[in-house]
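Residue numbers 1 to 55, in full-length UniProt numbering, belong to the letters of the sequence shown in order.
Have a look at the structure below before the remarks.
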Amino acid sequence: MGLDGSIKLRRNRAIEIDELFDLIDSMPMRKQEIQRQKRAEKLEEKRKEERQENK
Numbered sequence: 001m002g003l004d005g006s007i008k009l010r011r012n013r014a015i016e017i018d019e020l021f022d023l024i025d026s027m028p029m030r031k032q033e034i035q036r037q038k039r040a041e042k043l044e045e046k047r048k049e050e051r052q053e054n055k
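Shown next, in the form of structure tokens:
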């Protein structure tokens, strides 16, 4: 169930973990989280480069 209250997946059998992660990663909030993480990683990389240049 998503935060919006809608059912995202219904199965009568066990779900493979990869299928579950793919479903979660396709959700809008998760996509936003991934983008925030990428931006934070790029910013940290840029800061490291700047520190190296200033040594």
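Built from N, CA and C at the ideal position, the CB exists for glycine as well.
From a predicted model like this one, the values you see are computed outputs, not experimental measurements.
Thinking C-beta only, is residue j closer than 8 angstroms to residue i?
{"i": "Met-27", "j": "Gly-5", "result": "no"}
I need the straight-line Cα distance from residue i to residue j, nearest angstrom please.
{"i": "Leu-23", "j": "Lys-55", "result": "45 angstroms"}
{"i": "Arg-13", "j": "Ile-7", "result": "16 angstroms"}
{"i": "Arg-30", "j": "Arg-36", "result": "10 angstroms"}
{"i": "Arg-46", "j": "Lys-38", "result": "Note on residue identity: the sequence assigns Lys, not Arg, to residue 46. Each residue's alpha carbon lies about 12 angstroms from the other."}
{"i": "Glu-33", "j": "Glu-53", "result": "30 angstroms"}
{"i": "Arg-10", "j": "Ile-17", "result": "14 angstroms"}
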